[in-house]
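**Q**
Numbering (UniProt numbering), first residue to last: 1 to 243.
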């Protein structure tokens with residue numbers, strides 16, 4: 001990565017708002033360590049999904065992607081009790097729902113939410129930030145309305161200050177988390193666009209320089225080659241006189 005890009009990122013990460021978001025996320029991870037446990041390392045879930053599709057030569061089911069990223073390498077053992085319980089519950093419910101059918105959908109959002117629990121702060125358990133959660137979030141629209149109703153009741157007049165502060169804190173934390181993810185995505189897209197522009201500019205400049213240099217070389221080569229002048233036709237020869 002270029003030094004100026006790295007400095008820009010460091011300046012962003014050093015900002016007070018980003019530091020506060022980082023601290024909040026650390027506290028949340030410490031309070032619920034199993035929520036963020038996976039075996040994908042620095043490789044995104046979306047990349048694992050793409051690799052698995054090439055390996056299987058077909059689109060993988062979400063269950064297969066989840067197993068790939070939540071089982072210990074080289075074993076059939078899940079990384080945590082929660083991962084095992086969610087996977088087993090989802091598999092059992094899918095088997096019961098599609099009993100007798102040859103094919104199952106790649107992902108059944110309502111079944112996954114029933115197995116893993118409702119989304120928290122816009123995040124669905126088992127989904128990396130690089131994966132599309134819209135299908136799951138839209139799949140729980142009915143439960144979302146119930147959650148909204150519950151939130152309204154929780155913040156109704158007469159609610160204790162501690163509950164109201166807890167609700168406000170959770171809401172702000174969720175907004176900050178989504179804002180951080182959005183800014184990271186926007187920054188990555190901006191940097192990628194800038195890199196493409198710079199590559200294009202460098203390529204154009206190299207082509208122009210190469211064309212100019214080639215033209216100069218050809219001109220110099222031609223100037224060093226002596227081409228003898230062609231002999232002009234003689235005008236002294238006269239037509240023979242008739243006697």
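Just so it is clear, CB atoms sit at the ideal spot from N, CA and C, and this is done for glycine as well.
Please give the ranges of any alpha helix (DSSP H) in the region 66-116, keeping only runs that are unbroken, at least 4 residues long and fully inside the region.
**A** Qualifying alpha helix (DSSP H) stretches, in chain order: 81-97, 109-116.
**Q** Using alpha carbons as the reference points, say which of 67, 82, 115, 79 lies closest to residue 90.
**A** That would be 115, whose Cα lies nearest to the Cα of residue 90.
**Q** In terms of alpha-carbon separation, which member of 82, 85, 49, 86 lies closest to residue 68?
**A** Of 82, 85, 49, 86, the residue nearest in Cα terms is 49.
**Q** Counting only C-beta atoms, is residue 65 closer than 7 Å to chain C at any point?
**A** As a matter of chain content, chain C is missing from the structure shown, which is built from one protein chain.
**Q** Starting from the C-beta of residue 52, find all residues in its chain whose C-beta is less than 8 Å away, skip the five residues before and the five after it, and write them out in chain order.
**A** Excluding positions up to five away in sequence, the list reads 60, 64, 65, 68.
**Q** Could you tell me the alpha carbon to alpha carbon distance between residue 102 and residue 95, rounded to whole angstroms?
**A** Looking at the two C-alpha atoms, the distance is approximately 11 Å.
**Q** What would DSSP say about residue 7, mapped onto helix, strand or coil?
**A** Helix.
**Q** Mapping the DSSP letters down to three states, classify residue 120 as helix, strand or coil.
**A** The answer is strand: DSSP assigns residue 120 an E or B state.
**Q** In this structure, how does DSSP classify residue 23 when only helix, strand and coil are distinguished?
**A** Note: residue 23 maps to helix in three-state DSSP.
**Q** Please work out which residues of its chain come closer than 6 Å, Cβ to Cβ, to residue 41, disregarding the five sequence neighbours upstream and downstream, and give them in chain order.
**A** Residue confidence is low: residue 41 scores 48 on pLDDT, short of 50, so the model does not pin down where it sits. No coordinate-derived value is stated.
**Q** Are the CB atoms of residue 9 and residue 62 within a distance shorter than 7 Å?
**A** Contact flag unset, no.
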